[in-house]
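Step one of this worksheet: look at the structure below.
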Amino acid sequence: MTTRWFLLSALLLCAPAVSHAEDAAALWDKSCKNCHGPDGRAQTRMGQKESIPDMSRAAWQKAESDAHLRDVIANGSSHNPKMKAYKDRLTPEQMDALVRYIRTFKPQEKAP
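Throughout the sequence shown, residue numbering follows mature numbering (1 follows the signal peptide of the UniProt record, and there is no 0), covering -21 to -1, 1 to 91 in sequence.
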């Protein structure tokens, strides 16, 4: 009986994390993908035009703090005026979820 309760509790605790990850992916698709691409590599027409950095690069991931990413999401970019401010469109939780989502981007493996 104790094992069942433990497993049920573990599943219930994990369920919101999955939901938040799915929500962040949907939010990315809706608000960010057109410029930054589905994988953060900015291989889009707008990404190329505006010289948007590749968020999957290890050097970029290391150089950008979570606080800075959240600030750019909230207030827009001083380097690229086309990067909109989302502070009036997204909740603080959604902005935090996007930062966590950006951290999942990994470099593409090169073909042999």
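Don't be surprised by glycine CBs; every beta carbon is placed ideally from N, CA and C.
Roughly how many whole angstroms lie between the Cα atoms of residue i and residue j?
i	j	result
D67	G55	11 Å
K9	A76	14 Å
S44	A64	18 Å
I31	K41	17 Å
E29	V51	16 Å
Would residue i pass as a contact of residue j if the rule is Cβ separation under 8 Å?
i	j	result
R36	P71	no
R49	D33	no
Here's the rule: buried if 16 or more other CB atoms are within 10 angstroms of the residue's CB, otherwise exposed. What is residue i?
i	result
H15	buried
A3	buried
Excluding sequence positions up to five away, which residues of its chain have a Cβ less than 8 Å from the Cβ of residue i?
i	result
D18	S35, F84 and Q87
N13	T23 and M25
Might you give, ordered along the chain, the residues of its own chain that have their beta carbon closer than 7 Å to the beta carbon of residue i, omitting 5 neighbours on each side?
i	result
I81	G19, M34 and L48
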